[in-house]
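J.:
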Amino acid sequence: MASTNKKTIASALIGNVLEWYDFAIYGYFASAIGLAFFPKSDPTAQLLMAFSIFAVGYLMRPIGAIIFGHVGDKYGKKVALNLSVAAMAIPTFFVSILPDYNAWGVWAAYTLVLLRMIQGLSVGGEFTTSIIYLVSHAPKNKQSLMGATITCGAIGGILLGSFTGDLMNHLMSEETINAWGWRVPFLFGLVIGIVGLFLRRHLVDEVPAPTLKPPVVVVFQKHLPLLFNISGLVFLNAVGFYLIFVYLVTWFEVAEKFTPSLALNINSISMVILIGVVLLSGYFTDKVGKKLMLKITSILMLLFVVPLFYLMNHHDVNLAFLGQLGLTIILGSYLAPLNAFMVLSIPEAVRCTTIGLGYNLTLGIAGGLSPLAATWIFEKTGNPISPSYLIVVASMITIFTLYKNKSNID
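Per this note's numbering, the sequence shown starts with residue 248, numbered consecutively.
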């Protein structure tokens with residue numbers, strides 16, 4: 248099934264761009280959203296409530312993985328992909344026009360929670376289903392590269408959201424953004440969703456063979472080791488990404504005393520570089536082998552993460568950038584073959600459910616808790632290098648999983 252033309256690639260990418268764009272702008276405008284949907288008495292409480300609703304989206308991801316995994320395995324990946332992009336685009340539009348607390352009272356907040364829950368379900372199905380579709384339809388000599396493009400779509404969505412938020416802050420005053428300006432980026436998200444639905448009309452997919460049991464039941468009855476295998480493979484991805492590209496911004500501010508603007512600039516440049524690293528490594532991996540690349544890069548992360556944290560811990564901007572660049576190159580080279588390797592290691596009949604559930608549970612729990620764990624260990628030990636130990640543990644779990652994996656995937 249070698250049908251990875253430009254339209255097919257764009258169709259698979261667009262949903263991930265939309266979903267991570269939406270999550271990025273929600274985080275960027277959390278303060279304004281708190282003002283709009285919660286009582287005006289306590290600004291801190293408003294922000295906490297806004298971020299609590301942000302977290303609800305993450306909590307819904309495993310449920311979304313089950314729902315969209317079921318649809319993908321039972322009715323086809325094209326159906327699942329069309330539903331998932333619609334489940335993100337429509338709620339994104341409604342967030343942009345949702346009446347605020349002054350108009351609807353507590354029902355405004357309840358409605359916002361419901362919309363974020365639907366979006367969280369969508370995220371739980373979109374990323375993994377799109378990599379399965381694209382890798383399954385890729386020529387054998389381009390499987391890693393095609394899987395890598397989906398990761399780049401997610402990274403691109405985060406960067407697009409950050410760019411949009413920054414642009415809005417340059418074009419509008421804080422008062423205008425708090426009054427109505429924060430709604431504009433969500434309205435733009437609808438445009439991305441419509442483009443996604445238009446592109447996905449042309450996707451070609453095989454109808455799966457009829458099954459008597461729901462795919463999730465089959466996974467837990469017959470394929471539980473495969474579920475743990477996916478989780479182990481994703482562990483380094485989850486912990487590494489959230490610490491290197493989410494927590495490290497705070498680490499630069501606290502440990503290195505950089506300004507928030509400087510910390511964000513270093514991080515944004517590193518994420519742009521990450522896209523290039525992932526694509527180049529995906530191309531290279533298709534020549535040397537997926538499992539070999541995963542083993543090499545996970546071992547490199549184990550060996551170099553602590554020294555790179557030491558390099559960054561010199562209160563020097565150039566050394567900080569070099570340290571994050573080193574982490575970016577290693578993690579990006581690991582991410583490049585990961586998607587294709589996951590797809591090829593799972594039987595097609597339960598592929599969407601197994602990968603969706605294993606990926607989202609690990610990303611939600613291990614990834615989502617990593618910044619909190621890093622903050623706690625830094626505070627308790629007073630050692631600025633201590634957060635790197637979490638990546639050491641994640642690397643060891645992934646290396647163990649790779650060496651226990653008996654598949655013959657090259």
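C-beta: ideal position from N, C-alpha, C; glycine also.
Pairing CB atoms from the region 555-565 with CB atoms from the region 264-280, are three or more of them under 8 Å?
T.: In short, these stretches do not touch, since the Cβ pair count stays below three.
J.: By alpha-carbon positions, which one of Ala297, Asp269, Tyr273 and His384 ends up nearest to Lys253?
T.: Translated into positions along the sequence shown, residue 253 becomes position 6. Among Ala297, Asp269, Tyr273 and His384, the Cα nearest to that of Lys253 is on His384.
J.: Assign His470 to buried or exposed, taking buried as 16 or more other Cβ atoms, counted over all protein chains shown, within 10 Å of its Cβ.
T.: Position 223 of the sequence shown holds residue 470. Classification for His470: buried.
J.: Straight-line CA distance for Met307 to Leu610?
T.: Position 60 of the sequence shown, counted from the first residue, corresponds to residue 307. Position 363 of the sequence shown, counted from the first residue, corresponds to residue 610. Spanning the two alpha carbons is a distance of roughly 12 Å.
J.: Need the endpoints of the alpha helix (DSSP H) that Phe505 sits in, please.
T.: As a position in the sequence shown, residue 505 is number 258, starting the count at 1. Where Phe505 is concerned, there is no enclosing alpha helix (DSSP H), given that its DSSP letter is neither H nor E.
J.: Trp623: buried (16+ other C-beta within 10 angstroms of its C-beta) or exposed?
T.: Taking the sequence shown and counting its residues from 1, the one referred to as residue 623 is at position 376. Result: exposed.
J.: Suppose the cutoff is 8 Å on Cβ atoms and the five residues either side in sequence are ignored; what does the same chain contact list for Glu373 look like?
T.: Counting from 1 along the sequence shown, the entry for residue 373 is found at position 126. Taken in chain order, the residues that qualify are Gly262, Asn263, Glu266, Phe315, Leu328, Ser331, Val332 and Met335.
J.: To which residues of the same chain is Phe556 closer than 8 Å at the C-beta, ignoring the five residues directly before and after it?
T.: Position 309 of the sequence shown, counting from 1, holds the residue named residue 556. Around Phe556: Gly570, Pro631, Ile632, Pro634 and Ser635.
J.: Can you tell me which of His317, Gln366 and Ala613 puts its alpha carbon nearest to the alpha carbon of Leu459?
T.: On the sequence shown, position 212 is the one that residue 459 refers to. Comparing Cα positions, the closest option is His317.
J.: For Lys460, which of helix, strand or coil comes out of DSSP?
T.: Working through the sequence shown from its first residue, we reach residue 460 at position 213. Here Lys460 sits in coil by DSSP.
J.: Quick one: what's got a C-beta closer than 8 Å to Tyr489's C-beta in the same chain, skipping five residues either side?
T.: Within the sequence shown, residue 489 is the residue found at index 242, counting from 1. These residues qualify, in order along the chain: Gly614, Gly615, Ser617 and Pro618.
J.: Can you tell me which of Ala567, Thr648, Ala510 and Arg430 puts its alpha carbon nearest to the alpha carbon of Phe340?
T.: Taking the first residue of the sequence shown as position 1, residue 340 is located at position 93. The option with the nearest alpha carbon to Phe340 is Arg430.
J.: Considering only residues of the same chain and omitting the five flanking positions on each side of Ile546, which have a CB-CB separation below 7 Å?
T.: Counted from its first residue, the sequence shown places residue 546 at position 299. Answer for Ile546: Ile646, listed in chain order.
J.: Starting from the C-beta of Val525, find all residues in its chain whose C-beta is less than 7 Å away, skip the five residues before and the five after it, and write them out in chain order.
T.: Taking the sequence shown and counting its residues from 1, one reaches residue 525 at position 278. Closer than 7 Å at Cβ, skipping near neighbours: Ala395, Thr398, Cys399, Gly579, Leu582 and Ala583.
J.: Taking a contact to mean a Cβ-Cβ separation below 7 Å, would you say Phe499 touches Ala510 in this structure?
T.: For the purposes of this step, residue 499 is identified with residue 252 of the sequence shown, where counting begins at 1. For the purposes of this step, residue 510 is identified with residue 263 of the sequence shown, where counting begins at 1. Going by C-beta atoms, Phe499 is nearer than 7 Å to Ala510.
J.: Measure the beta-carbon distance from Ile522 to Ile402 and round it to whole angstroms, keeping in mind my assumption that it falls under 8 Å.
T.: Taking the sequence shown and counting its residues from 1, the one referred to as residue 522 is at position 275. Taking the sequence shown and counting its residues from 1, the one referred to as residue 402 is at position 155. Sure, about 5 Å apart at Cβ, within 8 Å.
J.: Within the same chain, show all residues whose beta-carbon is closer than 8 Å to that of Val382, passing over the 5 residues directly before and after it, in chain order.
T.: Taking the first residue of the sequence shown as 1, we reach residue 382 at position 135. So the qualifying residues of the chain are Gln390, Met393, Gly394, Asn586, Ala587, Val590 and Leu591.
J.: List the endpoints of the continuous alpha helix (DSSP H) containing Ser383.
T.: As a first step, residue 383 must be located in the sequence shown, where it is residue number 136. Residues Val353 to Ser383.
J.: What's the gap between the Cα of Ile520 and the Cα of Ile256?
T.: Numbered from 1 along the sequence shown, position 273 holds the residue referred to as residue 520. Numbered from 1 along the sequence shown, position 9 holds the residue referred to as residue 256. C-alpha separation (whole angstroms): 21 Å.
J.: Ignoring anything shorter than 4 residues or poking outside the region 513-584, list the alpha helix (DSSP H) runs there in chain order.
T.: With a minimum length of 4 residues, the continuous alpha helix (DSSP H) runs that stay inside the region 513-584 are 537-559.
J.: Could you check if Phe625 is buried or exposed, using at least 16 other CB atoms within 10 Å of its CB as the buried criterion?
T.: Taking the sequence shown and counting its residues from 1, the one referred to as residue 625 is at position 378. Buried, since its Cβ has 16 or more Cβ neighbours within 10 Å.
J.: Restricting to Cα atoms, I'd like to know which of Gly573, Phe475, Leu483 and Met548 is closest to Asn514.
T.: Counted from its first residue, the sequence shown places residue 514 at position 267. Nearest C-alpha to Asn514: Gly573.
J.: Within the same chain, show all residues whose beta-carbon is closer than 7 Å to that of Ile656, passing over the 5 residues directly before and after it, in chain order.
T.: In the sequence shown, counting from the first residue as 1, residue 656 sits at position 409. Closer than 7 Å at the Cβ level, and outside the excluded window around Ile656, lie Lys537, Lys538, Phe588, Leu591 and Ser592.
J.: What is the DSSP secondary structure of Trp429, counted as helix, strand or coil?
T.: In the sequence shown, the residue the question calls residue 429 occupies position 182. The answer is coil: DSSP assigns Trp429 none of H, G, I, E or B.
J.: Taking 6 Å as the cut-off, is the CB of Phe588 close to at least one heavy atom of the ligand NAP?
T.: In the structure on display, the ligand NAP does not appear, and there are no ligands present to speak of.
J.: On the CB-based measure, 16 or more other CB atoms within 10 Å of its CB, does Val535 come out buried or exposed?
T.: Counted from its first residue, the sequence shown places residue 535 at position 288. Result: exposed.
J.: Restricting to Cα atoms, I'd like to know which of Asn607, Ile543 and Ala596 is closest to Met643.
T.: For the purposes of this step, residue 643 is taken as the residue at position 396 of the sequence shown. Of Asn607, Ile543 and Ala596, the residue nearest in Cα terms is Ile543.
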